[in-house]
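Enquirer:
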Amino acid sequence: MDLGEEEEEKNERNMKIHIKQYYDWWFDSAIEFLGHLLERVADIKVEWNEGISFEELNDEKIRILVEEIERLIKFKLKYQTTNNNGQTEIKNRAYLPTMHKGKYVNFLGKSKKEKTNILKDLLMLFDNSGSEVCDICSRNYENHFGISQVSQIVYPVSPGSLSSQCGIRNIQANYNCCPQCAVLGCIEWLDDIPFLSNHKNFTHYYLFPKIGQLDQLHRVKNLIRANLNLKPYSNVFSLTDKYPLDEYSLLLLLYENIIRKIRQVKRLENILSKDWIVLKIKGTEATYQTSYTYLNEITIPNIESLEHIFGEIKEPYSGFIDKTFSAPVKEGVSLDTRNSIAEENKYFLSQGLILNDFHTFSKAFQIRQNCGIAFPKDSKDIFDRLITLWRCRK
Amino acid sequence: MIRFNEQELEIMKKSGQVIGNVGNSYISEIYQLDRTRTVEDFEKQIKNIALRAISIGKNERESVYAEPLADLMEVINKYKDNYDEIKDIVLVYATYYLGVIKYSKNQ
Chain A
494 MDLGEEEEEK NERNMKIHIK QYYDWWFDSA IEFLGHLLER VADIKVEWNE
544 GISFEELNDE KIRILVEEIE RLIKFKLKYQ TTNNNGQTEI KNRAYLPTMH
594 KGKYVNFLGK SKKEKTNILK DLLMLFDNSG SEVCDICSRN YENHFGISQV
644 SQIVYPVSPG SLSSQCGIRN IQANYNCCPQ CAVLGCIEWL DDIPFLSNHK
694 NFTHYYLFPK IGQLDQLHRV KNLIRANLNL KPYSNVFSLT DKYPLDEYSL
744 LLLLYENIIR KIRQVKRLEN ILSKDWIVLK IKGTEATYQT SYTYLNEITI
794 PNIESLEHIF GEIKEPYSGF IDKTFSAPVK EGVSLDTRNS IAEENKYFLS
844 QGLILNDFHT FSKAFQIRQN CGIAFPKDSK DIFDRLITLW RCRK
Chain B
2 MIRFNEQELE IMKKSGQVIG NVGNSYISEI YQLDRTRTVE DFEKQIKNIA
52 LRAISIGKNE RESVYAEPLA DLMEVINKYK DNYDEIKDIV LVYATYYLGV
102 IKYSKNQ
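Those protein sequences? They're chains A and B, same order as listed.
So the mapping is simple: the numbering used here equals the position in the first sequence, first residue as 1, plus 493.
So the mapping is simple: the numbering used here equals the position in the second sequence, first residue as 1, plus 1.
(1) On a CA-only basis, which of A:D734, A:L707, A:N599 and A:T574 is nearest A:Q673? Give me that one, please.
(2) Strictly below 8 Å CB to CB, what residues from chain B border A:G865?
(3) Any beta-carbon of chain A closer than 8 Å to the one on B:E7?
(4) Are the C-beta atoms of B:I12 and some chain A residue less than 8 Å apart?
(5) From the DSSP secondary-structure annotation, give me the bridge partner or partners of A:C679.
(6) Report the rounded CA-to-CA distance for B:K45 versus B:M74, giving the unit in angstroms.
(7) Is it buried or exposed for A:S654, if we count other Cβ within 10 angstroms and need 16 for buried?
(8) Between the segment 729 to 736 of chain A and the segment 822 to 842 of chain A, are three or more C-beta pairs nearer than 8 Å?
(9) Does the Cβ-Cβ distance between A:T574 and A:E582 come in under 8 Å?
(10) Does the Cβ-Cβ distance between A:S798 and A:N849 come in under 8 Å?
(11) Would you say A:Q844 faces chain B, with C-beta separation under 8 Å as the test?
(12) Going by DSSP, what residue range makes up the beta strand (DSSP E) through A:Q709?
(13) Could you give the residue range of the alpha helix (DSSP H) that holds A:T609?
(14) For the ligand FAD, I want to know if A:T609 counts as a neighbour, meaning its beta carbon is within less than 7 Å of at least one of the ligand's heavy atoms.
(15) Within 8 Å (strictly less), CB to CB, does A:F730 reach chain B?
(16) Compute the Euclidean distance between the alpha carbons of A:K703 and A:D628, then round it to the nearest angstrom.
(17) Below 7 Å on C-beta distance, what does B:M2 contact in chain A?
(18) For A:D829, name the three-state secondary structure that DSSP assigns.
(19) Does chain B have any CB closer than 8 Å to the CB of A:A820?
(20) Using 8 Å as the threshold, is the C-beta distance between A:Y840 and A:Y741 below it?
(21) Pull up the distance between the alpha-carbon of B:E41 and that of A:L570, whole angstroms please.
(22) For A:Q844, which residues of its own chain have a beta-carbon under 6 Å away from its beta-carbon, when the five flanking residues on both sides are left out?
(23) Which residues bound the beta strand (DSSP E) around A:S690?
(24) Give a yes or no on whether 8 Å exceeds the smallest Cβ distance from A:I796 to chain B.
(25) How long is the line joining the alpha carbons of A:F688 and A:L743, rounded to whole angstroms?
(26) For chain B, find out if any of its Cβ atoms is closer than 8 Å to the Cβ of A:Q859; answer yes or no.
(27) Just to confirm the assignment, what range does the beta strand (DSSP E) spanning A:A535 have?
(28) Roughly how many angstroms lie between the CA atoms of A:Y572 and A:Q645, to the nearest whole one?
(29) Could you name the residues of the segment 70 to 82 of chain B whose beta carbon sits closer than 8 Å to any beta carbon of chain C, in the order they occur along the chain?
(30) Roughly how many angstroms lie between the CA atoms of A:K873 and A:I537, to the nearest whole one?
(31) Strictly below 8 Å CB to CB, what residues from chain A border B:Y32?
(32) Does any C-beta atom of chain A lie closer than 8 Å to the C-beta of B:I50?
(33) Do A:C864 and A:S819 have their C-beta atoms closer together than 8 Å?
(34) Could you check how far apart the C-beta atoms of B:L70 and B:S16 are, in whole angstroms? I think they sit under 8 Å.
(35) Whose C-beta lies closer than 7 Å to the C-beta of B:I12 among residues of the same chain, with five residues either side of it excluded?
(36) Would A:K775 pass as a contact of A:F858 if the rule is Cβ separation under 8 Å?
Written out as structure tokens, the structure reads:
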């Protein structure tokens with residue numbers, strides 16, 4: 494046995510904890526986030542295979558991890574805003590299912606000491622025995638910590654809609670889970686997920702890359718992380734510091750920001766995922782949210798078309814779509830109508846580009862409610878180039 | 002999705018310009034063009050717009066050059082089964098140029 498093999502075997506012996514992949518968009522993303530925290534914050538070596546493997550954590554590492562979770566709760570689940578009197582206010586992201594009656598629920602609502610105990614159980618001892626069976630992962634567990642009741646914080650879409658999702662199916666309406674599933678589900682709300690809050694239609698969009706291999710998911714999410722900039726209503730911004738208002742614009746702007754940093758677009762499919770899951774949380778009231786939170790999938794059918802567009806146009810969202818506005822064709826069109834048409838147009842333009850669907854793109858040019866689309870003068874060249882690139886053979 | 006040659010795309014662009022110009026005086030012509038559901042209806046509406054363009058040219062100082070619409074009929078005949086793709090491109094250009102006219106007036 495040579496030195497390399499010895500080292501590998503030694504590593505395997507030390508890698509006592511293995512959290513298996515769920516093959517579910519939410520929990521896999523949460524495992525990736527846990528792995529990211531272990532690597533970046535606790536400085537633990539993580540192996541990415543069909544899940545994550547790592548050495549059991551000592552007390553100090555657990556303490557560091559709990560501190561980071563506490564920090565992230567304040568940083569990610571609250572935001573600073575200015576009220577009508579010009580005073581600065583700290584507000585909770587009330588639309589997230591992380592709170593009930595003003596208090597955090599499940600794992601996030603536990604004290605530091607309780608969090609430490611739960612994480613010790615999970616990341617030090619990793620006990621896989623007990624009289625209860627987890628409805629999510631089917632592991633045995635003992636309900637020591639009072640976090641087994643599954644609510645929207647653990648899995649964001651209601652059980653009724655789960656049948657359409659891959660991974661977890663046929664879960665009973667009242668279901669319970671093991672501490673591992675509860676912790677993973679709760680901490681995923683602290684993850685670096687591209688999001689936007691559209692306060693006009695009370696809809697909040699979260700984008701998850703849909704990737705089966707965890708190591709690849711980790712790579713893509715790290716690339717995304719480097720391009721996020723958390724502000725009150727979004728973490729993806731254009732050059733003019735505006736944030737998009739729909740899921741397709743969010744995705745387009747995210748691509749644009751990533752590509753701007755890479756500078757040279759070679760193979761977009763090697764850089765980013767073409768399959769995405771969009772979590773839409775509607776409203777702010779708990780009962781309403783539980784029923785109206787749902788998932789959409791975005792699959793980019795022809796990523797090469799985006800490569801051409803980003804290669805030629807460079808900034809299709811910031812340089813073109815974001816600048817469009819609505820121009821009334823008759824007098825008397827209200828500002829509200831103009832704004833809503835302008836927003837709808839951006840949605841169609843972004844969706845058309847992402848899905849390589851010219852017909853959808855052309856919907857933005859339909860005159861509706863006496864409003865057409867208009868562009869500033871400096872967009873003329875980019876508009877011409879885009880149409881030629883898209884519809885003209887070389 | 003059809004990819005047109007440069008000349009065909011140029012014809013669609015110029016046709017869009019003419020239609021945008023006509024739409025500035027008769028917006029209902031663009032609405033009607035959008036509402037066409039068959040290639041025959043589409044061709045008929047293009048002819049109507051061409052007549053409008055000629056009448057605008059007679060009444061106003063600036064004439065509207067309607068020839069691209071005649072060339073467009075040839076392109077439509079070539080791609081009869083996919084006329085809706087031509088319709089999308091022409092309408093995109095038409096609304097674009099209409100926006101340019103409206104916006105420059107408001108400036």
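Yeah, the Cβ is synthetic: ideal placement off N, Cα and C, and Gly gets one too.
These numbers were taken from a predicted model, which means no experiment stands behind them.
Expert: Walking through what the data contain:
(1) Taking the first residue of the first sequence as 1, we reach residue 673 of chain A at position 180. Taking only the C-alpha atoms, the option nearest A:Q673 is A:N599.
(2) Residue 865 of chain A sits at position 372 when you count from the first residue of the first sequence. Result: T96, L99, G100 and K103.
(3) Residue numbering aside, residue 7 of chain B sits at position 6 when the second sequence is read from its first letter. Interface residue, yes.
(4) For this step, residue 12 of chain B is matched to residue 11 along the second sequence. No, because no Cβ of chain A sits closer than 8 Å to the Cβ of B:I12.
(5) Walking along the first sequence from the start, residue 679 of chain A turns up at place 186. In DSSP, A:C679 forms no bridge with anything.
(6) Indexing the second sequence from 1 puts residue 45 of chain B at position 44. Indexing the second sequence from 1 puts residue 74 of chain B at position 73. Looking at the two C-alpha atoms, the distance is approximately 10 Å.
(7) Numbered from 1 along the first sequence, position 161 holds the residue referred to as residue 654 of chain A. Because A:S654 carries a pLDDT of 44, less than 50, the predicted location of this residue cannot be relied on, and no value is offered for it.
(8) As far as the Cβ criterion goes, the segment 729 to 736 of chain A does not touch the segment 822 to 842 of chain A, which means the pair count is below three.
(9) In the first sequence, counting from the first residue as 1, residue 574 of chain A sits at position 81. In the first sequence, counting from the first residue as 1, residue 582 of chain A sits at position 89. Cβ atoms of A:T574 and A:E582: closer than 8 Å.
(10) Your numbering for residue 798 of chain A matches position 305 in the first sequence. Your numbering for residue 849 of chain A matches position 356 in the first sequence. Yes, these two residues count as a Cβ contact at 8 Å.
(11) As a first step, residue 844 of chain A must be located in the first sequence, where it is residue number 351. Among the CB atoms of chain B, none fall inside 8 Å of the CB of A:Q844.
(12) Translated into positions along the first sequence, residue 709 of chain A becomes position 216. Segment L707 to R718 is the alpha helix (DSSP H) holding A:Q709; no beta strand (DSSP E) there.
(13) Within the first sequence, the letter at position 116 stands for residue 609 of chain A. Here the alpha helix (DSSP H) through A:T609 covers K605 to K613.
(14) Inclusion of the ligand FAD in the displayed structure is not the case, the ligand content being empty and no account of it being possible.
(15) As a working note, residue 730 of chain A is residue 237 in the first sequence. By this cut-off, A:F730 is not an interface position.
(16) Numbered from its first residue, the first sequence carries residue 703 of chain A at position 210. Numbered from its first residue, the first sequence carries residue 628 of chain A at position 135. Each residue's alpha carbon lies about 23 Å from the other.
(17) Looking up residue 2 of chain B in the second sequence gives position 1. F851, listed in chain order.
(18) By 1-based counting over the first sequence, the position of residue 829 of chain A is 336. Correct three-state label for A:D829: helix.
(19) On the first sequence, residue 820 of chain A is found 327 positions in, with the first residue counted as 1. So yes, A:A820 belongs to the interface.
(20) Locating residue 840 of chain A in the first sequence gives position 347, where the first residue counts as 1. Locating residue 741 of chain A in the first sequence gives position 248, where the first residue counts as 1. The answer is yes: Cβ separation under 8 Å.
(21) Along the second sequence, read from residue 1 onward, the residue named residue 41 of chain B stands at position 40. Along the first sequence, read from residue 1 onward, the residue named residue 570 of chain A stands at position 77. Answer to the nearest angstrom: the Cα atoms are 58 Å apart.
(22) Taking the first residue of the first sequence as 1, we reach residue 844 of chain A at position 351. The residues are Y741 and T853.
(23) Working through the first sequence from its first residue, we reach residue 690 of chain A at position 197. For A:S690, the enclosing beta strand (DSSP E) begins and ends at F688 to N691.
(24) Position 303 of the first sequence, counted from the start, is the residue given in the question as residue 796 of chain A. No, A:I796 does not count as interfacial toward chain B.
(25) Translated into the one-based positions of the first sequence, residue 688 of chain A becomes position 195. Translated into the one-based positions of the first sequence, residue 743 of chain A becomes position 250. Each residue's Cα considered, the two are about 8 Å apart.
(26) Position 366 of the first sequence holds residue 859 of chain A. With 8 Å as the cut-off, A:Q859 counts as an interface residue toward chain B.
(27) Stepping through the first sequence from its first residue, residue 535 of chain A is reached at position 42. Element bounds for A:A535: n/a, residue is neither H nor E.
(28) Counting from one through the first sequence, the residue named residue 572 of chain A turns up at place 79. Counting from one through the first sequence, the residue named residue 645 of chain A turns up at place 152. Rounded to whole angstroms, A:Y572 to A:Q645 spans 21 Å at the Cα level.
(29) Although the question refers to chain C, the structure presented lacks it and instead comprises the protein chains A and B.
(30) Here the question's residue 873 of chain A lines up with position 380 in the first sequence. Here the question's residue 537 of chain A lines up with position 44 in the first sequence. Going from the Cα of A:K873 to the Cα of A:I537 covers about 52 Å.
(31) Working through the second sequence from its first residue, we reach residue 32 of chain B at position 31. Taking the beta carbon of B:Y32 as reference, the chain A residues within 8 Å of it are I860, listed in sequence order.
(32) Residue numbering aside, residue 50 of chain B sits at position 49 when the second sequence is read from its first letter. Chain A contact via Cβ: absent.
(33) Indexing the first sequence from 1 puts residue 864 of chain A at position 371. Indexing the first sequence from 1 puts residue 819 of chain A at position 326. A contact, by the Cβ cut-off of 8 Å.
(34) Residue mapping note: residue 70 of chain B aligns to position 69 of the second sequence, counting from 1. Residue mapping note: residue 16 of chain B aligns to position 15 of the second sequence, counting from 1. That pair is a contact at about 6 Å.
(35) Walking along the second sequence from the start, residue 12 of chain B turns up at place 11. Correct list, in chain order: P69, D72, L73 and V76.
(36) Translated into the one-based positions of the first sequence, residue 775 of chain A becomes position 282. Translated into the one-based positions of the first sequence, residue 858 of chain A becomes position 365. The criterion of a C-beta distance shorter than 8 Å is not satisfied by A:K775 and A:F858.
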